[in-house]
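Letter 216 of the sequence shown, counting from 1, is numbered 639 in this note's numbering, and no numbers are missing. Every residue, glycine too, gets a C-beta built ideally from N, C-alpha and C. It should be emphasised that the depicted structure is a prediction, and the values quoted were computed from it without experimental measurement. Structure, as structure tokens:
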Amino acid sequence: MLALASLPALVGVALWALDLDLGLLGSLFHAYTLALAIAIGLWLLTHGLRRFLWRVGRRLAFSYFLIGVLPIPLMLILVLVATYICSGFFLGHIYRDALASVGNDLRFAAHRHLEQITSGTIELIDHPIPIDFAYYRDGRKLTGAASAPDAWLPGWHAESLDDLSSELESLSIVAGPDGAPTLAAMVREGPYGILATFTGDLSRELSERSGIWVELLSADDALDADTMTITLAHREYPLRPPRPDTSPEDLKEFFHLGVEQPSFLDLQYLTWVEVSEPYLELTTGKPASKYVSATLTANARGLYYHLISRTSKVNLFVYLLFIGIAFLLLDIAVVATFMALMMIFGLSRAVNHLSDATERVQQGDFSARIEVHRSDQVGALQTTFNQMATNLEDLVASAAQKEILEKEISIARELQESLLPDTLAAPASLRFAAHFEPSAEIGGDYYDLLPMSDGRLGVVMADVSGHGFSAGLRMAMVKSALALLCEEETRPERILERLHQLLRERLQSSENGRGFVTATLAVVDESTGVLQVTNAGHPPTYLLRGGEVTEIVLPSTPLGALGSDYSQSTVQLESGDLVVWLSDGLIEATDLRQEDFGYERVLRVLTGLDTDPAAVRDRLLQAIADHTGGGAPADDRTLLVMAYRPAEEAAAQDPSSSPSSA
């Protein structure tokens, strides 16, 4: 993309290098090259500025430069420009005062001559400036300067000597006979009038009176090779500053004010322009030029001479005031600069520490901390960062511990699952179906098939109080103890009594001293079909026979609790009988209204079921799921179903069928 954009620019550079002229096409290539160069330059400037200002310290320093440093030279430039303009206005004021002074001398001389004419006395009058006089009577010149008009001129629009005098006063500067600018004044009394015309060098006279160098130039003088022009509002004004090659001695004497060795103030010049219009000829009253301009030039010493008081006490006061204000502003600037540098250094250092600590946290070092020495918003941010880092460190540690705990729980869950039988191996006359659903990672329910020392089969259903590790550990202990006791004892009540004593010893030695186990131990003789059920605080056992349900309720105390009263019941099983054991998690399963499933619903669901243990299990579990809406169990749910059929009858009906299922 960049190569395609640069191709026309390369063509333009080649055309420029070969100096080929392709007309409009070449101009377009050159314009495109220039635009592309400007765009690339702006992009490089923006990109470089962005990279340079990426660090906060540089950004703060650059901001301080823009706000605190750059305005100083700009203000100095503004002050210099304002000083120049004000000085120019002041020069114009001095120039106009000098012009009025010469005009007053002319009018005074004219009045003196008019008094002599009207009084009839003649005496010699010494004038401070060279003047030519013209004498008029009834609007016509009697005698006097040849340059004076012979009569009133139509261009002046004067009907009387008074009108002529008014016109001349408003004109101020007129063109003399030689075309040079000069001044004229007219006075009258009765039929007599006198026109006084300045005949000297008006520019030099105004320079001497004002103390500034004055050069009077007409609009036509702009064509002179020695004259510069200034264009303002589509008009050109001639400008002729003093030229040292014209009269160097006069300029030196004039501007240096008698100083032998010129100083810096003597060499610094200020030029201003004053314009007067219209500019008329004195003899004809016709326009001599569009205007006449006065180029005013002064040096710094001359301005100082006009502006500053010549009283030493006043000058001393002004100097001291100026020096005091200057030192005050300098002190403020130094203090402000010092404070700005301290703020820039402090903020930059704090941000760098924060950035370094953030990078360490990003790399996984959650022990990164920042030493907080500030009491401002940055300090609060550093404190917040430390708290955040502490929380992150705690969270990471908790997450690590949680991961370890989850692994341990997973191992414990696998261990618990290994404690439960994978397959319910049983004699041919018995078939089993089981279900185990823990409410936590590790459950407290337990079921198993344990062979007795006398050849009978022990069926165990137990529920350890609580959940989690402690319940799982007690469940493992119960399994181990039952496996040993069933090999040593043949009486179920004796097995439960010994297990009760073991649990009591464990509970007394534990810190909390709490916990118990409900259990049902059923011993079945598969050859005779005799089922001996011994209960220790566990829910009832259900006998299903011919579609009817018998609830075997055996009130008793749990294992590990106070007392050891265990109830026992003996049942003669018939072919097709089913026996159901379940934990209280199934009975206490609640719906959305917090209503338990209950014993009555268990009886209704089990009534009328067939002799397949898996079908009975699934029917009961589906009923509970419909009741709870499929919600998670609040307690462990364990179910064990046993079907009995004599071995000969079972073999004759289905020789290939497996004896049990889970």
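Cut-off 8 Å between Cβ atoms - residues of its own chain near residue i, not counting five sequence neighbours on either side
i, result
"Ile1010", "Pro962, Asp1019, Phe1020, Gly1021, Tyr1022, Val1025"
"Asp988", "Ser979, Thr980"
"Ala533", "Phe556, Ala608, Met609, Val610, Ile617, Leu618, Ala619"
"His1150", "Residue 1150 cannot be examined here, being either before or after the span of the chain that is shown, 424 to 1085."
"Asp573", "Arg563, Lys564"
"Leu537", "Val610, Arg611, Glu612, Tyr615, Gly616, Ile617"
"Ser893", "Gly938"
"Arg927", "Gly983"
"Gln1017", "none"
Terminal residues of the beta strand (DSSP E) in which residue i lies
i, result
"Phe513", "Not the beta strand (DSSP E): Phe513 falls in the alpha helix (DSSP H), residues 494-542."
"Ser641", "636-641"
"Ile596", "596-598"
"Glu612", "604-612"
"Tyr615", "615-621"
"Ser712", "710-712"
"Leu996", "Careful: Leu996 lies outside any beta strand (DSSP E) and carries neither H nor E."
"Asp946", "Here the sequence assigns Val to residue 946, which means Asp is not the residue at that position. Val946 -> beta strand (DSSP E) spans 940-948."
"Met886", "Residue 886 is actually Asp in this sequence, not Met. Here the beta strand (DSSP E) through Asp886 covers 880-887."
"Ala1055", "Careful: Ala1055 lies outside any beta strand (DSSP E) and carries neither H nor E."
"Phe556", "554-560"
"Glu974", "971-975"
"Arg1068", "Taken as a continuous stretch (DSSP letters only), Arg1068 belongs to no beta strand (DSSP E), as it is neither H nor E."
"Ala959", "953-959"
"Arg563", "563-567"
Proximity of residue i and residue j at Cβ, strictly below 8 Å
i, j, result
"Ser756", "Val801", "The amino acid at residue 756 is misidentified as Ser; the sequence shows Ala. Contact flag unset, no."
"Gly895", "Gly938", "no"
"Ser1006", "Asp1049", "no"
"Val793", "Phe808", "The displayed chain sequence assigns Ile, not Val, to residue 793. Yes, the Cβ-Cβ distance between Ile793 and Phe808 is below 8 Å."
"Ser641", "Tyr728", "no"
"Val698", "Leu629", "no"
"Asp1014", "Thr1051", "yes"
"Gln995", "Val953", "yes"
"Ile552", "Gly623", "yes"
"Ala607", "Ala619", "yes"
"Ser790", "Glu816", "yes"
"Ser876", "Glu920", "no"
"Trp1004", "Thr957", "no"
"Met900", "Tyr869", "no"
"Thr1030", "Gly970", "yes"
"Glu1072", "Ser998", "yes"
Three-state secondary structure (DSSP) of residue i
i, result
"Val784", "helix"
"Trp477", "coil"
"His776", "helix"
"Glu700", "coil"
"His1050", "helix"
"Ala904", "helix"
"Pro874", "strand"
"His858", "strand"
"Thr964", "strand"
"Arg914", "coil"
"Tyr487", "helix"
"Pro667", "Unreliable positioning characterises Pro667 in this predicted model, as indicated by a pLDDT of 45, which lies under 50. The coordinate reading is nonetheless provided below. Coil at Pro667, not helix or strand."
"Ala574", "strand"
"Asp817", "helix"
"Thr1013", "strand"
"Thr694", "strand"
"Met765", "helix"
For residue i, the first and last residue of its enclosing alpha helix (DSSP H)
i, result
"Tyr727", "723-730"
"Arg632", "625-633"
"Leu1009", "1007-1010"
Cβ-heavy atom distance, residue i to the ligand GTP, below 7 Å
i, result
"Ile461", "Looking at this structure, you won't find the ligand GTP or any other ligand, since it has none at all."
Residues near residue i in its chain [Cβ-Cβ closer than 6 Å; skip 5 each side]
i, result
"Arg535", "Ile548"
"Thr973", "Leu966"
"Leu925", "Ala904"
"Ala1066", "Arg854, Leu1001, Thr1034, Pro1036"
"Leu584", "The predicted position of Leu584 is uncertain, since its pLDDT is 45 and thus under 50; a value taken from the coordinates is nonetheless stated next. Within the same chain, Leu584 has close Cβ partners Arg611, Gly616."
"Gly567", "Phe556, Ala557, Tyr558"
Sequence-distant residues of the same chain with beta carbon closer than 7 Å to residue i, five excluded per side
i, result
"Trp695", "Gly511, Leu514, Gly515, Leu719"
"Leu483", "Ile767, Leu770, Ser771"
"Ser626", "Val637, Glu638, Leu639"
"Val492", "none"
"Leu948", "Residue identity check: residue 948 is Asp in the sequence provided, not Leu. Cβ within range, chain order: Arg879."
Q | Inside the segment 1018-1047 only - beta strand (DSSP E) runs reaching at least 3 residues | A | Counting only runs of 3 or more, we get nothing.
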